[in-house]
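*Asks:*
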Amino acid sequence: MRVLGVNALFHDPAAALVVDGSIVAAAEEERFSRRKHGKRPVPFSAWELPELSARWCLERAGLTPADLDAVAYSYDPRLSRPAERLGLHDPWDHLRQEYARRAPEFLAEALPGLNPGRVHFVAHHIAHAASAGLAAPYPDSAVLVLDGRGECGSHLAGRYADRELTVLGSQSLPDSMGLFYEDLTEHLGFLRSSDEFKVMALASYGEPRYLDRLRAYVHLDGHGGFRARPVPWASLVPARPAGGAWTQDHADIAASAQACLEEVLLGLARRLHDRTGEEVLTLAGGVALNCVANTRLHRETPFRRIWVQPAAGDAGTALGAALHVAYQKEAVEAMPTAALGRGWSDTELRAWLDRSAVPYEEPDDIAETVAAELAGDGIVAWFQGRSEYGPRALGHRSLLAHPGRAANLERLNAVKGREEFRPVAPMVLADRAGEIFDGPLPSPYMLFVHEVADAWRARIPAVVHVDGTARIQTVDRRDEPLVARMIDGFERLTGLPVVVNTSLNTAGRPMVDDPRDALECFGSAPVDLLALGPFAVRRKKVFA
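Take the sequence shown: its position 10, counting from 1, is numbered 9 in numbering that gives the first Met the number 0, and each next residue is one higher.
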């Protein structure tokens, strides 16, 4: 069975393809269109479809739209209700719902040859749940979904038993942990439905001194759900103008909101464990990208393992919807990797470099060349293999640097044009992680934070956040042999089995995806070396 999954209605449009139960491809539209998040989550953009990523998914499998058995659209307008009845102020939501109802027609127009009768609506939170419970390498799990909103809710609790979902609970709008965090993101001068991770980072600089006041608006209820009503943020802390300086009050309100979010998540997870007794918890929805909260779930709930969908936001619903529809007809396989996007052969990469007329070299081993550059305190743009699905750079589209130089945090934030309080992440070999970091291991998708061992904090200061933690990515030698070889080489030269890893992009731009993006980023940012497949491009030679 050939199923194309589509996420389109709100933000982060994406497409994914499942063929005969196996995940063939998945990618966000932003990587093709070069528009951050693909589009803004407003009703007037709801008609826009992930046409470029959908066409690429089909090309990857050698299919045409007519070959598809089904298209799974990750929203079911039949379940929605008018915004005013949901307690939401969204006067144009009816337009969004009309676009959703007409999605089969729009898809047939965007993908000529598609039979619109093959489009299936999948409830938004069912799609999120499937992106976790069906994609995880466990047939049985409890599943928890929290985000801003779906058709008429913001939360799903359930259980997958032998990959069959039973829904155990949900939360109706307007109560929403996602909207609670989005509202604060906007109040703090950041872009809502985009910059929530900045609030999480800022929270580490504050104290939760507003927590008691927030609990009046956001708390667990006595019926298995929660309350999350609009908070009068301005009565607590003045708004921060976009681009303005942040104050301690801003950090403290961020810390308070983060603590409030964690309290609700812990309560929901403990209740879910009480009902299911499962050892594994799978997570999806935008809230599941909060790696600080995920770590508390690991430490403070009875679940023995926690698996988070690496594309936990709305982009992941494209994959979840496809898996859900496919599973109605056949067994589906777990997600093998996050590297489900575009990739190029060495021959194709050489052709890009030749057309660009830039001087390049082909060393015997690009991993050793990069290790030497990093050991000399160079910054490396690392472009290898297929691009990652989700917002994290996982060793395929990364900026790398030396973790032992404290100044490299400020240096990388300057290269990327980011706020000074933003941390960068360490990439570490899985077989060495336990001696340096305390937290959930392995952690291949960078979705938890770990305490950095005292003996290592002074050795890798660039990746230690202000609270003594790091959001690590563990590298398995079997899965990522090239990355592992690069880290091995760096350790031989420096004694450090860790390198700095942050996404290969600059502020406000999507992550680099194709060779053109990589060359443009290299040309516009002060990066010392571009490792494009087996080839090395050195700044001092290009700009001699």
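All residues carry an ideal CB built from backbone N, CA and C; glycine is no exception.
What are the uninterrupted segments assigned as alpha helix (DSSP H) that are 4 or more residues long and contained completely in the segment 356 to 435, given in chain order?
*Replies:* Counting whole runs of 4 or more residues, the segment 356 to 435 contains the alpha helix (DSSP H) stretches 365 to 374, 406 to 415, 432 to 435.
*Asks:* May I ask you to list the residues that DSSP assigns as paired with Leu531?
*Replies:* Leu531 pairs with Phe382, Phe534.
*Asks:* By Cβ distance below 8 Å, which residues in the same chain neighbour Phe225 in space, the five residues on each side in sequence not counted?
*Replies:* For Phe225, where only same-chain residues beyond five positions count, the Cβ hits under 8 Å are His154, Gln170, Asp174, Met176, Val217, His218, Leu219, Val263, Gly266, Leu267.
*Asks:* Trp55: which of Gly416, Leu78, Glu29, Lys38 sits nearest, CA to CA?
*Replies:* Looking at the Cα atoms, Glu29 is the closest of the given residues.
*Asks:* Quick check on DSSP: helix, strand or coil for Thr246?
*Replies:* Coil at Thr246, not helix or strand.
*Asks:* Ala253 and Leu201 - do their beta-carbons sit closer together than 9 Å?
*Replies:* It is a contact, given that the beta carbons lie within the stated cut-off.
*Asks:* Tell me the residue span of the beta strand (DSSP E) that contains Ser502.
*Replies:* Start and end: 497 to 502.
*Asks:* Using only the alpha-carbon positions, how far apart do Gly242 and Gly188 sit?
*Replies:* Near 7 Å, if we compare the C-alpha coordinates of Gly188 and Gly242.
*Asks:* With the cut-off set at 9 Å, would you say Val497 and Val427 are in Cβ contact?
*Replies:* In this structure, Val427 lies closer than 9 Å to Val497 by Cβ.
*Asks:* Going by DSSP, name the residue or residues bridged to Thr473.
*Replies:* Paired residues: Val427.
*Asks:* For the segment 287 to 294 against the segment 94 to 104, do three or more pairs of beta-carbon atoms, one drawn from each stretch, fall closer than 8 Å, so that the two count as touching?
*Replies:* No, the segment 287 to 294 is not in contact with the segment 94 to 104.
*Asks:* Would you mind stating whether Met485 and Glu367 have Cβ atoms separated by less than 9 Å?
*Replies:* It is a contact, given that the beta carbons lie within the stated cut-off.
*Asks:* Identify the residues that DSSP records as bridge partners of Trp306: which are they?
*Replies:* Beta-bridge pairing links Trp306 to Thr281.
*Asks:* Hey, quick one: how far does the alpha helix (DSSP H) through Thr184 stretch, first residue to last?
*Replies:* That run of the alpha helix (DSSP H) goes 176 to 186.
*Asks:* From Leu373 to Asp345, what distance separates their C-alpha atoms?
*Replies:* Their backbone Cα atoms lie some 23 Å apart in a straight line.
*Asks:* Under 8 Å by Cβ, that's how I've got Leu48 and Leu106 pegged, so tell me the actual separation to the nearest angstrom.
*Replies:* With 8 Å as the limit, Leu48 and Leu106 qualify as a contact, their Cβ atoms being about 6 Å apart.
*Asks:* Assuming Leu393 contacts Gln472 (C-beta within less than 8 Å), just tell me the rounded distance between them.
*Replies:* About 6 Å separates the two Cβ atoms, so the contact holds.
*Asks:* Residues in the same chain with beta-carbon distance under 6 Å from Ala82, minus the five sequence neighbours each way, listed in chain order, please.
*Replies:* Correct list, in chain order: Asp89, Asp92.
*Asks:* Can you tell me which of the three DSSP states Asn6 falls into?
*Replies:* Of the three classes helix, strand and coil, the one that applies to Asn6 here is strand, per DSSP.
*Asks:* With distances taken from CA atoms, which of Val2, Ala25, Leu235 is nearest Arg385?
*Replies:* Closest by alpha carbon: Ala25.
*Asks:* I'd like to know if the segment 54 to 71 and the segment 32 to 41 are in contact, where contact means that at least 3 CB-CB pairs between them fall below 8 Å.
*Replies:* Output reads no: the segment 32 to 41 does not touch the segment 54 to 71.
*Asks:* May I have the straight-line CA-CA distance separating Ser193 from His36, to the nearest angstrom?
*Replies:* For Ser193 and His36, the distance between alpha carbons rounds to 8 Å.
*Asks:* Quick one, which of Val414, Phe382, Asn412 has its alpha-carbon nearest Leu518's?
*Replies:* Of Val414, Phe382, Asn412, the residue nearest in Cα terms is Phe382.
*Asks:* Taking the C-alpha atoms as reference points, what is the distance between Arg491 and Ala371?
*Replies:* Spanning the two alpha carbons is a distance of roughly 10 Å.
*Asks:* What does the alpha-carbon distance come out to for the pair Phe31 and Tyr137?
*Replies:* Their Cα atoms are separated by approximately 32 Å.
*Asks:* Determine the burial state of Gly375: buried for a count of at least 16 other Cβ atoms within 10 Å of its Cβ, exposed for fewer.
*Replies:* Exposed, by the Cβ-count rule.
*Asks:* So who's on the other strand from Gly157, going by DSSP bridges?
*Replies:* The partner list for Gly157 (beta bridge, DSSP) reads Val142, Val166.
*Asks:* Within 10 Å of its beta-carbon, does Ser203 have 16 or more other beta-carbons around it, so buried, or fewer, so exposed?
*Replies:* Buried, since its Cβ has 16 or more Cβ neighbours within 10 Å.
*Asks:* Using 8 Å as the cut-off, can you tell me whether the segment 349 to 363 makes contact with the segment 404 to 414, which would need three or more C-beta pairs spanning the two stretches below that distance?
*Replies:* They do not touch, by the three-pair rule.
*Asks:* Let me know if Ser523 comes out buried or exposed under the rule of 16 or more other beta-carbons within 10 Å of its beta-carbon.
*Replies:* Exposed: under 16 other Cβ atoms inside 10 Å.
*Asks:* If Val499 and Val462 are in contact, beta carbons under 8 Å, what's the gap, nearest whole angstrom?
*Replies:* The Cβ separation is near 6 Å, so the contact holds.
*Asks:* Rounding to the nearest angstrom, what Cα-Cα distance links Lys415 and Tyr444 in this structure?
*Replies:* Going by the C-alpha atoms only, they are around 21 Å apart.
*Asks:* Based on Cα-Cα distance, which residue from Ile22, Asn6, His222, Glu387 lies nearest to Ala156?
*Replies:* The candidate whose alpha carbon is nearest that of Ala156 is His222.
*Asks:* Do you know how far the Cα of Arg391 is from the Cα of Gly152?
*Replies:* Roughly 27 Å between the two C-alpha positions.
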